[in-house]
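Here's the structure we're looking at; comments come further down.
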Amino acid sequence: MAELTTLESLLEMGFGRNRAEKAVANTGNQGIEQAMDWLMEHENDPDIDEPYVPPAGNVLGGEADSQSSAEQLTAGDTGDTGEVIAEGDDMDGDNPEGSKQPMTEEEKREQVKRLEELMRMKQAERRERERAEEVEREKQRRRQGQELQQIRQKIQDDEMKKLADQRRKEKMEDKLARQRVKDKIARDREERAQKFGGGAPSSTATSSQPTPPSPSSPSGQGPPPTKREYDESRIQVRLLDGSTINTVFKAQEPLAAVRVYVQMNSSTPEGQDFTLLSPYPRHVYTEMDMEKPLKELGLVPSAVLVVTKK
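Here it is in structure tokens:
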């Protein structure tokens, strides 16, 4: 029984002649398996169904095959009849001429069946390989996604850290600014105390001396009692949450000193503006009032102020 050639086998399996010829030529006619592998790898080529054009001097089934036949003729044995015994031909008593026996239809079907089974195995192997490659690509995609997510997270963390550092810096600058205001208020108090309290010792000494009792005078006679001068003011401030704070200021200190004291010693949210008012009689203090002394505003010797939202 003679075997089908690679080209014949491919044609029997249903491949087009153009595809079959290209597979045989590109695999060097090394067998059906190599040809089928080539077809599966190049089945999506845009020119797969175009006619096969062999390179010069290597025409499939043409001059190259003729040259090969001539070499076989030279190397083979020739008889008196001049018939050539080709390599692979069966030599037995039943076939003295050495000619090929044609395959029966059943033998062709059997061989094509084996080739189709081989083709299915190749296709299954290819699908399995493609699935493995797809799984590997998916793993690679996930790894890249995780790396990208880590990079984004790091950028976000760096931004949050930078923002936190900026806020801490702003709070520190605000704290230093408040401390400078507080120090300035303390210096102003000392300066005012030295300026307005210079004559206090002499007056205190004078007042410490016993005064002789004045003779009683009839009712309604004699000079009116002198009005006492106060150099301090006790201020009570009612905050937004209902609590109160108390402190003593110099009578010549501005109302702004009370405002700064409230900012430094109350639970007022940072950045929230507020104003001060007197409940009895009701009076809301403006920005112009903040520079006026407590004595001029009538807040000496004591007063109650209320903090309200501005």
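If you use UniProt numbering, the sequence shown corresponds to residues 1 to 310, in order.
By construction, the Cβ of each residue, glycine as well, lies at the ideal position given by its N, Cα and C atoms.
Considering only their Cβ atoms, is the gap separating residue j from residue i smaller than 8 Å?
i	j	result
Leu239	Ser278	no
Arg19	Leu4	no
Tyr230	Ala251	yes
Tyr52	Ala25	yes
residue 313	Leu11	Examination of residue 313 is not possible in this model, given that the chain is present from 1 through 310 alone.
Leu118	Glu43	no
Glu128	Met13	no
Gly28	Thr6	no
Thr275	Lys310	yes
List the whole-angstrom C-beta distance separating residue i from residue j, where the pair is believed to meet the contact cut-off of C-beta under 8 Å.
i	j	result
Asn246	Arg259	Going by Cβ atoms, the distance from Asn246 to Arg259 rounds to 16 Å, so no, they are not a contact pair.
Asp37	Lys113	With a Cβ gap of about 19 Å, Asp37 and Lys113 do not count as contacting.
Starting from the Cα of residue i, find the closest Cα among the options and give me that residue.
i	options	result
Leu294	Gly271, Pro254 and Val307	Pro254
Arg178	Arg189, Val262, Pro281 and Val237	Val262
Glu232	Arg189, Thr104, Gly16 and Ser267	Arg189
Gly16	Glu50, Glu41, Gln30 and Ile32	Glu50
Thr308	Val284, Glu270, Phe196 and Met264	Val284
Val300	Val248, Gln30 and Gly242	Val248
Met264	Arg228, Gly242 and Leu176	Leu176
Ser267	Gly242, Lys139 and Glu170	Gly242
Gly271	Lys182, Glu170 and Glu296	Glu170
Glu8	Glu41, Gln111 and Asp45	Gln111
Going by DSSP in three states, residue i sits in which element: helix, strand or coil?
i	result
Val306	strand
Gly88	Only weak support is given to the placement of Gly88: the predicted model assigns it a pLDDT of 37, under 50, and the question is left unresolved by the model.
Arg282	strand
Ala20	helix
Phe249	strand
Leu255	helix
Val135	helix
Arg143	helix
Ser233	strand
Arg228	coil
Using C-beta distances below 8 Å, list every residue in its chain close to residue i, excluding the 5 sequence neighbours before and after it, in chain order.
i	result
Lys292	Pro254 and Leu255
Answer with yes or no whether the minimum CB distance from residue i to chain B is below 8 Å.
i	result
Ser267	This model lacks chain B altogether, as it is built from one protein chain only.
For residue i, which residues of its own chain have a beta-carbon under 6 Å away from its beta-carbon, when the five flanking residues on both sides are left out?
i	result
Gln236	Thr244, Asn246 and Val304
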